[in-house]
Amino acid sequence: MIPKVKDITARLNNLNTRRSNLGLSKILSQAPPSKGNQPRLQPTSVMDEAVEYVGRHKEKQKMIELLKGNNSDGFSVLSIVVMGGMGKTTLAQLVYNDATINESFDLKAWVFVSDNFDAIAITKAILQSITSESCDYSNMDLLQVKLKEKSSGKSFLLVLDDIWNENYNDWTILRSPFGAGTNIIVTTRLQIVSSMVKPLKAFHLDKLSDDDCLSIFTQHALNARNFDEHRQFKEIGEKIVRRCNGLPLAAKAIGSLLRTVIYHGEWERIYESEIWDLPEERCGIIPALRLSYHHLPSYLKRCFAYCSILPKDYEFEKSVFSRSSVKVIFSDIQ
Numbered sequence: 183m184i185p186k187v188k189d190i191t192a193r194l195n196n197l198n199t200r201r202s203n204l205g206l207s208k209i210l211s212q213a214p215p216s217k218g219n220q221p222r223l224q225p226t227s228v229m230d231e232a233v234e235y236v237g238r239h240k241e242k243q244k245m246i247e248l249l250k251g252n253n254s255d256g257f258s259v260l261s262i263v264v265m266g267g268m269g270k271t272t273l274a275q276l277v278y279n280d281a282t283i284n285e286s287f288d289l290k291a292w293v294f295v296s297d298n299f300d301a302i303a304i305t306k307a308i309l310q311s312i313t314s315e316s317c318d319y320s321n322m323d324l325l326q327v328k329l330k331e332k333s334s335g336k337s338f339l340l341v342l343d344d345i346w347n348e349n350y351n352d353w354t355i356l357r358s359p360f361g362a363g364t365n366i367i368v369t370t371r372l373q374i375v376s377s378m379v380k381p382l383k384a385f386h387l388d389k390l391s392d393d394d395c396l397s398i399f400t401q402h403a404l405n406a407r408n409f410d411e412h413r414q415f416k417e418i419g420e421k422i423v424r425r426c427n428g429l430p431l432a433a434k435a436i437g438s439l440l441r442t443v444i445y446h447g448e449w450e451r452i453y454e455s456e457i458w459d460l461p462e463e464r465c466g467i468i469p470a471l472r473l474s475y476h477h478l479p480s481y482l483k484r485c486f487a488y489c490s491i492l493p494k495d496y497e498f499e500k501s502v503f504s505r506s507s508v509k510v511i512f513s514d515i516q
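Following this line, the structure appears as structure tokens:
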């Protein structure tokens with residue numbers, strides 16, 4: 183027993199030494215406490231125009247019809263509620279970037295909220311988006327008065343992406359500046375959030391068909407819509423797609439992983455991986471993401487591990503990776 187304790191102690195001391203050498207404690211101590219609470223303005227051009235969007239055209243058209251036909255005296259909400267990896271954000275982007283929507287609304291704003299729900303920061307982000315000006319206000323009353331002035335009497339489309347907060351009071355405060363002409367799209371994984379915002383209609387996305395998943399997979403893996411010019415991969419490709427279980431993000435992740443793989447045997451190894459069959463991961467996006475991680479080059483795994491110790495949503499300068507204390511991570515790139 184004593185030798186084992188000594189071995190564990192030595193390993194812990196070694197980890198502590200490596201942590202000190204990398205300066206990790208110093209980096210974490212310098213993280214501004216408010217940084218992680220800032221919602222991010224999501225670029226509205228994030229749709230990959232080189233890849234055809236498939237599988238959600240009916241939902242897209244229905245949402246557009248509801249947005250353009252809304253004559254409510256107050257603001258209205260549409261929600262998209264479904265588990266991660268099912269295409270909530272992609273559907274919202276597709277609607278947001280539609281040409282007829284651009285013609286129908288005077289103002290548009292997109293804010294990525296995540297689990298850091300800060301009503302002041304979100305309001306400031308909305309105001310900055312519709313005015314294209316920086317905002318130094320930190321008082322909620324002033325922010326909301328300004329937002330109401332800018333949006334009053336105008337048709338306004340607002341997307342609040344990936345909301346987790348279930349607090350009704352927070353939602354009541356956030357929505358208070360909005361009146362007639364404002365349409366809000368909320369995306370969330372939680373049914374309770376969708377119910378809280380009282381949507382005009384809640385869109386619950388189903389899993390994609392194998393054909394739609396296959397189209398996503400081939401676009402990312404082969405830069406093609408089907409296997410017509412890659413017959414050697416057709417059978418194994420269809421097997422892999424069935425493993426994706428109707429999740430568009432899984433099809434995209436595995437397709438991207440295989441994009442530069444030209445050997446049939448590698449495709450077979452992906453299909454036969456034990457990760458797909460782990461009891462806790464038979465459903466959901468995790469198997470595809472794990473496979474993507476396991477096939478990263480070693481130096482990118484180190485980069486991934488280094489980034490994972492930083493607080494969620496923490497913004498850091500690229501120069502952090504050029505510091506001598508961090509270069510150890512990338513030593514085998516040289």
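FYI, the numbering for the sequence shown is 183 to 516, going by our numbering.
The C-beta atom is built at its ideal place from N, Cα and C for all residues, glycine as well.
Is it the case that the Cβ atoms of residue i and residue j are separated by a distance below 8 angstroms?
i: L194; j: R238; result: no
i: F299; j: N351; result: no
i: T282; j: I312; result: no
i: L429; j: S474; result: no
i: Y445; j: K421; result: no
i: H402; j: R441; result: yes
i: L382; j: V259; result: yes
i: T369; j: K270; result: yes
i: M277; j: I367; result: The amino acid occupying residue 277 in the given sequence is Val; Met does not appear at that position. The answer is yes: Cβ separation under 8 angstroms.
Below 8 angstroms on the Cβ atoms is my guess for residue i versus residue j; work out the distance and round it to an integer in Å.
i: R357; j: D392; result: About 40 angstroms; that fails the 8 angstroms criterion.
i: C317; j: K306; result: 5 angstroms
i: E264; j: I345; result: Reading the sequence as shown, one finds Val at residue 264 and not Glu. Not quite, the Cβ-Cβ distance comes to about 13 angstroms (not below 8 angstroms), so this is no contact.
i: S337; j: G363; result: 5 angstroms
i: A470; j: I418; result: Between I418 and A470 the Cβ distance is about 16 angstroms, and since that is not below 8 angstroms, they are no contact.
i: I355; j: A301; result: 5 angstroms
i: K389; j: N427; result: 7 angstroms
Suppose you measure from the CA of residue i to the CA of residue j; what does that come to, to the nearest Å?
i: L249; j: N365; result: 7 angstroms
i: K416; j: C489; result: 37 angstroms
i: P479; j: S261; result: 39 angstroms
i: G267; j: P185; result: 46 angstroms
i: K217; j: A303; result: Note on K217: pLDDT 46, under 50, position unreliable in the model; the coordinate value appears next. So the alpha carbons of these two residues sit roughly 11 angstroms apart.
i: W449; j: W458; result: 14 angstroms
i: V379; j: W353; result: 7 angstroms
i: A432; j: L482; result: 20 angstroms
i: G256; j: P359; result: 11 angstroms
i: R371; j: Q326; result: 27 angstroms
i: E456; j: I491; result: 27 angstroms
i: S314; j: S333; result: 14 angstroms
i: G361; j: V341; result: 15 angstroms
i: F498; j: N284; result: 33 angstroms
i: Q373; j: D297; result: 15 angstroms
i: Q414; j: H476; result: 25 angstroms
i: G251; j: L387; result: 22 angstroms
i: I468; j: L460; result: 10 angstroms
i: L472; j: G466; result: For the record, residue 472 in the displayed sequence is Arg; it is not Leu. Whole-angstrom Cα-Cα distance: 11 angstroms.
i: S320; j: F486; result: 34 angstroms
i: S501; j: N198; result: 24 angstroms
i: G447; j: K240; result: 38 angstroms
i: N279; j: K242; result: 11 angstroms
How far does the alpha helix (DSSP H) with residue i in it extend, from its first residue to its last?
i: N525; result: Since the first residue shown for the chain is 183 and the last is 516, residue 525 is missing from the structure and cannot be characterised.
i: T354; result: Y350 to R357
i: T400; result: D392 to L404
i: T271; result: K270 to Y278
i: A470; result: I468 to H476
i: K383; result: Per DSSP, K383 belongs to no alpha helix (DSSP H); it is in the beta strand (DSSP E), K383 to F385.
i: H239; result: H239 to K250
i: H446; result: H446 to E454
i: S376; result: Q373 to M378
i: S333; result: M322 to S333
i: R425; result: K416 to R425
i: T313; result: A301 to T313
i: L440; result: Premise fails: L440 is in no alpha helix (DSSP H) and is neither H nor E.
Use the C-beta contact count for residue i: other C-beta atoms within 10 angstroms, 16 or more gives buried, fewer gives exposed.
i: G335; result: exposed
i: Y235; result: buried
i: A291; result: buried
i: P493; result: exposed
i: E231; result: In this predicted model, E231 has a pLDDT of only 48, less than 50, meaning its place in the structure is not dependable; the value taken from the coordinates is given anyway. So E231 ends up on the exposed side.
i: Q275; result: buried
i: L210; result: At L210, the pLDDT of 38 sits below 50, so the modelled position is not reliable; the number obtained from the coordinates is stated separately. Exposed.
i: D343; result: buried
i: L309; result: buried
i: F287; result: buried
i: K434; result: buried
i: F409; result: buried
i: S376; result: buried
i: F385; result: buried
What are the start and end residues of the beta strand (DSSP E) that includes residue i?
i: F338; result: F338 to I345
i: K290; result: L289 to S296
i: S261; result: S258 to V263
i: I366; result: T364 to T370
Just to confirm, does residue i get its C-beta within under 7 angstroms of one of the non-hydrogen atoms of the ligand ZN?
i: C317; result: Absence of the ligand ZN is noted for the structure shown, with no ligands found whatsoever.
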